[in-house]
Structures are given as structure tokens and as C-alpha cells.
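Step one of this worksheet: look at the structure below.
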Amino acid sequence: MVALENFGSLKHFLPECLLMGGALLVLVLDMVWGARRRALYPWLGVGVLALAGLAALPGAGLRGEGLALFEQMFTLDGFTRVFRLFFVLVGALTLLMAARSRELRGAGGEFTGLTLIVVLGMILMAGAGNLVMAYLAMETVSLLSYTLVGSLRGNRRSHEAGLKYVIFGGVASGAMLYGFSWLFGLTGTLDLAAMGEAFRAGAAQPLPVFLALVLILVGLGFKMAAAPFHMWCPDVYEGAPVAVTAFLSVGPKAAGFALTLRILYTALAEPTGSGWLPIAGLPWPTLIAVMAVATMFIGNLSALWQDNLKRLMAYSSIAHAGYLLAGLVLLTPAGVTAIVFYLFAYLIMNFGAFMVIAAVAEESGSGGIDGIRGLWRRRPFLAVMMLIFLISLTGLPPAFGFIGKFYLFAALIEGGWLWLALLGLLNSVISLGYYMRIARVMLIDGTEDAAPAPTGAAPAPVLHPATGPAGVAAPAATPALSPLSVAIVGVLGVLTVLLGIYWEPLRLFAERGLALP
Amino acid sequence: MFLATIDNVLSWMIFFPLIGAAVILLLPAKRPNWIKGVGVAATLPPLWWAIELFAGFQRRFGGEPLKQFQYLEGPRPWIESFNINYTLGVDGISISMVLLTALICTIAVIASFGINRQLKAYFALFLLLDTGMMGVFCALDFFLFYVFWEIMLLPMYFLIGIWGGPNKIYAAIKFFLYTLFGSVFMLLAVIFLYFKAGKTFDMAEMMQGARGLAMTAQVLLWFAFYIAFAIKIPAFPFHTWLPDAHVEAPTAISVILAGVLLKMGTYGLLRVNYALLPEATAKLAWVLALIGMINIVYGALCAMAQSDLKKLVAYSSISHMGYVMLGMASLTPQGVNGAVLQMFNHGTITAMLFLLVGVLYDRAHHRQIDGFGGLANQVPVYTGITALAFFASLGLPGLSGFVSEVLVFMGGFRTFPLYTIVSATGIVITAAYLLWTLQRMFLGELNPKYATLTDMNRRELITLVPLGIIVIILGVWPLPVLDLIGDTLGFLVGHVNGAGAGLAGF
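Line order of the protein sequences matches chains A and B.
Just so we're aligned: 437 in this note's numbering is position 437 of the first sequence, and the numbers increase by one with no gaps anywhere.
Just so we're aligned: 630 in this note's numbering is position 113 of the second sequence, and the numbers increase by one with no gaps anywhere.
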């Protein structure tokens, strides 16, 4: 690890600087222009993200030693490089989704600016080399997420969700900070690498370290939406604008995993030639495995009973956090690769699903599962794409989600965690229940009325009042879908299938980019 | 080879229906005849190629494992980091199943002409299903096998769920959940084998690699695979999805389900459990025999208790798949040959039965056996073909079902005399319920409600007559199929017996 002082670090920090500058620019423009060029801001944001992504790209494939930037505050290794691109992608998709969103029409430039800063915060989380950095980065992400959730002006649900998020988040981050202070007290350092050294040298009894870890996991589990710290998730997801929900389900979750990996592997494990071992006497993989199982079951079983699509996706996102947590117990390069790979799969399929949900919600005005009823007859293209995302989320071939699960469970089996793999796979079967319920409502329900007579053009008017009462008014009430969202859904859908059939390049990218031992 | 085949014929067989599906999606929805035409056109070339393969298949190869697989394609690298390859090939077992699949698919697509809503989606999904089934029987790479295996689930779910009967959603999701539950165990076992058997998904290499495994591991793997395949067969106690699925599915889909899909279970047992885990198979053959026996007797008794004709056929299907399991379990050449022959014969016979149920349902709009009576004079052709199918199903000598059942019992008796004797009562029960059904439906007074019932039309005859001819031919001259499968199975039986020498049943 090459340590660099502050000025020397800056040139390696270009993407982050771009994000920062872009955010400030957008916020200033927002003040200067006011509401006049509101439609422009998301595009400006996407442009900034694209620049940042380009700046981050050349380093992605670099092998070898990482760089410890800013007096070891920020670690720029393969892991951070891969996550940089990941979060830039998350930000770009969020902004693209928000660009055409009617919910967010009044949000103006601040939404774009905040998103750019959140992306910056998430990158800092992935690269944190120091507990202070970790805490600052995480609070940046948290605070801005609270704001984004509450960004629907005059919408009480949105405000309530934001408030709930703040309260839960405050408690969780307090617990985490307390845990950090324990670690500092035990080792006398805040630097993760130095902390790892101290622990390996036998700095502390296992019990206090374990307690500190539990406290830290409260905060990180909150970000990952892992049980038992998932309570906020359904309410917040339901109340937030759809674009923000999609963002929350992927971005902060992935950042939480990145930071957890960083802390656990750097400070609480020792590297061996082919992986890591938990520091002596600390059974944290078992603890995480128990958390993983609880998270999977709670997420999947609760999702079975949901009638609101956003709530359902919230529980589904909890379940996916469970699968990812299972990957954390592995302590092998294969495990890290599997997590990263899975996160990419989750990014594509989840954003796809949320874009369809957003389109449906705009059309029908409700987030209920009934809103998607008969989608096949109204918008066959969206319905088919949604089906692909659902297949992928369930983890069936030939979709990208299957490959993600395949790598994860293959790594688990290789690592000897057969029972965890079995429980994870059984959870996929449970998840089939609710994903296929969406598919059923979307594709099967409302196909009957084709048979009697072609009198009513409106699909099942009784069940679906939002389409219009008489069937005549329906076309006028149905807003035209923006070609942009259709195109993005299409691209994500095609990617889901293509990467499900041939994913070797991405795998190589993840493996090479991570440059693990 | 006296018939010219194209290069990569297996790939063409698998993916030609998929091309057809893509074409159908591009057709205008207002042209039902075009859609149906493309549907048939997409299944005909695979049938032709299947016949060509059948004719050109080298039947004698002296039990050498390397020569078993013919028309090999690949291995072409697919995902190199995991050593996943695109490898296809057929041996005697696969080729008989490929032939059956091609035949049943063509017939089922013709039987689907009665479908009257959402034609595009129906035929596209049907052809996707065709692709999945063909793929399963041709894949020699386990990852590929698994992908094809799973690809079938989704079209089946929608085919039952959209075009099925009143209780279709329940039946469709039950089918899907059961099968996926089984697949989970298969996936787990496959990945486990991958790491333990030399990091390869190639089935032939896995055969070598699996030998070194400890017996406990082998037994666990065996059961994991068994659950996956038993659900598909369906073996007791995993059979409950089948009557539901059959009753709700449209006729053509019932035909596919009974004709081809169930065979995947027994095919999987032979291809995976027998070939990869011979020692565990030799040790656990009694489980197969026991479950086979339960399937035969319990399925037959359930069938007897049904008043719905389609449910009766569905339960008889469960019963007849029991013969396959019993024959396989015997580990004798006769028994295993009988089992595979029974797979083929059951495919053709049950396809006939379900088609016949569909014909009747189209006219009478119900399937209650007691509602009919005296149909023999009203619809003589229908009666004749039904009688043929029923007699074939109950194993009348001279029809194809007899040959395979005799072989199964001959083989079974040598290894598991007790189970075989109990199973033999299944024949009696089968004969009883089928004859009773014949009597209730066709003999006696004609129910005046059906005085206007019309006999079969040309399209229905096109679907049924070829199957009837096959049933009769294989009844008097089963050699074409037997010599197709003989050498392959001889090798497989030797493989298992060699591994489990001294481990006889009781």
C-alpha cells in the first residue's frame, strides 16, 4: 500500500472532485436560474456522472497495490475502483429515472445536486480507510438519503417516511459510533489497517471486540436493510418517490456492504494466502450467517403478503440483502467477487423493475399491485420486460440474477457452507411465490375478457378503476410514456438476458478490478 | 448414414422452435392461420431431423462409453472461468426421448389449433417449451442441462395459468413451486459435484470424478438429485401437483406434460443418478423399487376412484411411471430396457389418452365419466381409437404397453421379487378401472343428451392415428426402439452393477 499525502492524492481523486464540483455547479445554477430550466438539471447531473465515470474508468482494471490517499483516510484499491463505477451507474440511473418523473417535477436542481453528493458519499464509504472517514461518509449518505426520501413537497407520506428514516437512522448510527469508540479504545487507533495489526497482535479479549462488532453491525445492518434492523425499510420505500426508492434499494445497500466488507476484512480478519481468517476467537462469520438466514426468511416471508408494489419490493430488497450477507461469511476472494457480481445483477434487475413500477404508478396513480393488473394488454413491451426482471430477481436461468445467485451459492458450497446455501436456495423458492404473483397479475389476470366480446376496450374496468370509468375516457387519461423510460427499461431488460447467457466479460472485469489476493 | 443430415443437427433441433417463436412474435395478431402455420412449421423440421438421427444412429458400439454419444457437438467454450462448455450429444436413451419429444410436440401443436385467444403468446411459449425439452435431452454439460431444465418451467406456468381451466392459477403455481423446489436440490448437488469432481461440468468427466467421493457424500448427492427428478416423475409422495396440473391444463399441454415432461424425471435418474453415482445407485435401488411399487398400486387405486376422466388418466399416468421406476431399479438388462421402452410407450399412449379426453371435452363440455353411456354407436371411430388406447394402457399383448411391462416385470422379479409381486396387482387394478370406464362410457344405453355428438374430425384423426400406428407397431415389433437403447443401457447396467458388485437387493 503506497501512502500519499494530501496534495499528491488529489490527482487520484479526480472522479470524486468532479462529483463535488458538479454538485456545487448544479446547486448554484439552481439558485441563479430558479425553476426555469428545471428539466435541464438531471441531464447536467448525468453528464457530470458520465465524466466522473470516465475519469474512474482507466483505473478499474489496474492490478497490484492500492493507494492510501489523504494520509490513509481513503483507500483506493481495486475494490474501491469497481465500486466507484457501480455507484456512478446507480446515480445515473436514479437521475434518468427522476428526469421524467412527475412526482419529482417540483424537486428542481437540489435533487440532482443531492444525488451527486450521495454518490460521492457512497464512494467514500467503499474506500474508507479510517473509522472517522467511514463515519463521515456514512452520515453523508444517510443525511442526504433522509432528504431525498422526504423530497416530495406537500406529501405527508413522504415526510413521514423521511422522519421515520431519520429517527431509525439516528439510533443506528449512534450505536455504530459507540462501537467505533470501543474499537478505538481497544486498539488506540482509528486506522483500519493499523487496527487489524493490533488485533492480530492480540490487543484485546475476544468478548469486547465482539460486542463492538455487534454495535457496528447495528449501523451497517441499518444501511443494508438486514434483519433485525430492517423495520424502517417498507415504510420508507413506500413513502419515498419511486426514483428514490429504487436508489435506496441499490445504492446505500451496496455502500453498506462495501463498508462492512472493508471493516470486517481489514480490521477483524487476517489475510492468508488464499483468503482471510477471522481474528482469533472471534466467531463473526457465524454471527453474520445467522443474520443472513434471518434476513432472507423475514424478507421473503413478509413479501408474500404485500399488496403494495413498493412495499413488496422493499421486502424483496431485504431478502436480497440476506443473500448478500451470506456471501460475507466466506472470507475468500470468490466470496467477494460473488458479492460484487451479485450487486451488479441486482443493480440492473432492480432498477429495471422499479422503472416499470414507476411507469405503472404514473399511469394508474396507485402503487398497489392492482395498478399493474392487465399490464400485458396495455403495454405488452413493459410487461415482458417486467417478466424478465422478475425471473431474474427470482434467480431463474437464463437471466442475470440466476448467474449472480449461481456464483454466490457456488462460493458458499466451495467454502463449506452447505446449509447456508441450501437455506438460501430454498428462499429463492419462497420468493417465486410473490414474484410470480406480480407476473400473474400482470400477464394472466384480465386475459379472460378477451373471450366474451370486444365491446369494452378497457381492461377489466371494475378491477381497475384508474384506467377510466367508461373505457372511452381511458386513452385520454393515460399519459404517454416517455420514450426515455421505455428505452432504459428495454436496455436493462436486454442486458438482464444477455448477461444471463454470456457474462464472462463482467466476471473478468470484477475479478481483475478487485485484484484480490 | 443413408440420410443426409445437416451439420450441428442437435443445435438446430433445439433452437429451430425458438426461431419459430421469434417469427410468431413478429406476425400480426389478426392472422390466426399464419400463427398456427408457423407453429406447425417450426416443429416439423425437428421431427424430420429426429427421424434422420434415429435412422442414422449407430446401434452397435460394444458398450464403449466414448462411442455411446453420437452427433456430438462441442465442447465449445462458453464460460471459461467456470469451465462451462456448450456440449451436446445423444446416446440410446436420449435419442429415443428426442424422437418422442419431436413427435409429441408436432402432434400437440396440431392439437392446439382449438386455442382461440392470445394465439401469438400461446404458440411462442409452446415453442419455447419445445426448445427447453429438446435441450434437456441433448445437453451433456451439466450447467447447460440445468439451464434447459429451468427454461421449461416458465412457459409451462403460463401455458397452464393463462389457457387452463377454472382453477388454473392454483395448479400452475403448484407445478412451478414443486418443480423449482426440486431444482434447488439439483443445483446444490451439481455445484457440490463440480467442486468435488474435478471442477468440471462435463457429464462424462464428472462420471470419473464422482467415483472418488466418500459413500456418505454419494448417498446425500443421490438423494438431492432423486428429489429433483422424483418431483418431475412424479414419484410418491411428490405426485400431488400432477392431477391438478393435468386437470387444469389445456389438452395439448396435458399431452406434453404426460408425454414428455414426466420422462425428464426418469431420464434424469438414468443420466445423473445412474451414470454419475453408480455405487449409491446400487445401494439405493431398493428405494426406487419401493417407491415404484407404491406409485403403481397407489396410482391405480386413485385412478379407480376418479369420476373425472382426465383425472383418471392423470392418476393412471402416475401408476405407469411406477413401472419405469421399478424396471430401472431392477438393474437387470431386461428391467432397464423395459423401463426405457416404457418411457417411450407411456409417452405415446398417454398422449393418445389425453388427446381423446380433449376430443370428448370439446364436444360435451364436461369430463364426468358417469355422464356418458352408450357412445359406441354414436361415435364409432372415437370408440375404436379409445379402446385401442385403453387396451394399450392396460397392457394387452400385441400392443406396445405389454412389451415394456413384461420386460419390467421380468427384470424386476429377479431383483425385487416381493415388490414385483405386489406391483403386479397394479395390472389387475389397471385393467379393472379401464374396462369399467370403457363400459360406463361406451356400452349400455345412449344418454339422449349426446344424441347429436359428432365423431372425430380430420384434424383430430391426424393427431391420433400416427400414435395409434406406433402403438400397434411397437406392440408386435418393438425391436426398432429396443435395439436403439440396448447397447447404451447394457453399458449403464454394467456400470452400476460393476460399481455395486455384491450389493444385491432383497
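For glycine and all other residues, C-beta sits at the position ideal for the given N, C-alpha and C.
- Look at A:Trp305 here: in three-state DSSP terms it is coil, with no helix or strand label.
- The continuous stretches of beta strand (DSSP E) do not include B:Tyr967, and DSSP gives it neither H nor E.
- Burial state of A:Ile167 is exposed, judged by a 10 Å Cβ sphere holding fewer than 16 other Cβ atoms.
- B:Lys828 and B:Arg728 have their C-alpha atoms spaced approximately 43 Å apart.
- A straight-line Cα-Cα distance of about 8 Å links B:Val555 and B:Ala538.
- Between the stretch 299-319 of chain A and the stretch 363-371 of chain A there are three or more inter-stretch CB-CB distances shorter than 8 Å, so the stretches are counted as touching.
- Nearest C-alpha to A:Leu330 among A:Ala258, A:Gly415, A:Gly251: A:Gly415.
- In this structure, A:Val429 lies near B:Phe698, with their beta-carbon atoms less than 8 Å apart.
- When C-beta distances to chain A are compared with 8 Å, the residues of the stretch 590-611 of chain B below that value are Trp595, Ile596, Glu597, Ser598, Phe599, in chain order.
- DSSP links A:Ala410 through a beta bridge to no other residue.
- Secondary structure within the stretch 266-342 of chain A: the beta strand (DSSP E) runs of 3 or more consecutive residues, fully enclosed, are 269-272, 275-278 (chain order).
- Neighbours of B:Phe709 across chain A, judged by C-beta separation under 8 Å: Ile413, Leu418.
- DSSP places B:Tyr603 in no alpha helix (DSSP H) but in the uninterrupted beta strand (DSSP E) bounded by 601-607.
- Going by DSSP, B:Pro592 is part of no alpha helix (DSSP H) but of the beta strand (DSSP E) stretching over 587-596.
- Boundaries of the beta strand (DSSP E) harbouring A:Phe74: 74-76, taken from the DSSP string.
- Taking a cut-off of 8 Å for Cβ pairs, the stretch 759-767 of chain B and the stretch 679-690 of chain B touch, as three or more such pairs fall below it.
- Around the beta carbon of B:Leu805, a 10 Å sphere encloses 16 or more other beta carbons of the protein chains shown; the residue is thus reported as buried.
- Not a single CB atom of chain B sits nearer than 8 Å to the CB of A:Arg373.
- At a cut-off of 8 Å, the C-beta of B:Ile679 has a neighbouring C-beta in chain A.
- Taking all protein chains shown into account, B:Lys966 has fewer than 16 neighbouring C-beta atoms within 10 Å of its C-beta and is therefore exposed.
- Secondary structure at B:Asp719: strand, using DSSP grouped into helix, strand and coil.
- Each residue's CA atom was taken as its position, placing A:Glu511 and A:Phe210 some 31 Å apart.
- A:Tyr165 places its beta carbon less than 8 Å from that of A:Val149.
- At the C-beta level, B:His863 and B:Met838 come within 8 Å of one another.
- B:Thr783 sits away from B:Ile748, with the two beta carbons spaced by 8 Å or more.
- When CB distances to chain A are screened at a threshold of 9 Å, not a single residue of the stretch 1004-1016 of chain B falls below it.
- Going by DSSP, B:Gly652 is part of the alpha helix (DSSP H) stretching over 636-655.
- Considering only A:Thr394, A:Thr75, A:Gly196, the residue with the shortest C-alpha distance to B:Phe693 is A:Thr394.
- A straight-line Cα-Cα distance of about 15 Å links A:Pro271 and A:Gly202.
- Annotation: B:Met669 is outside any alpha helix (DSSP H) and is labelled neither H nor E by DSSP.
- The continuous alpha helix (DSSP H) containing B:Pro563 extends over residues 549-573.
- Legend: CB atoms of the stretch 656-677 of chain B lying less than 8 Å from CB atoms of chain A belong to residues Tyr663, Val664, Glu667, Ile668, Leu670, Leu671, Tyr674, Phe675.
- Selection A:Ala258, A:Leu96, A:Pro206 evaluated against A:Ile279 yields A:Pro206 as nearest (Cα-Cα).
- For A:Val340, the closest alpha carbon among the candidates A:Phe87, A:Met176, A:Asn6, A:Val48 is that of A:Phe87.
- Inter-residue distance for B:Met927 and B:Ile835 is about 21 Å (C-alpha atoms, whole angstroms).
- The three-state secondary structure of B:Val874, taken from DSSP, is helix.
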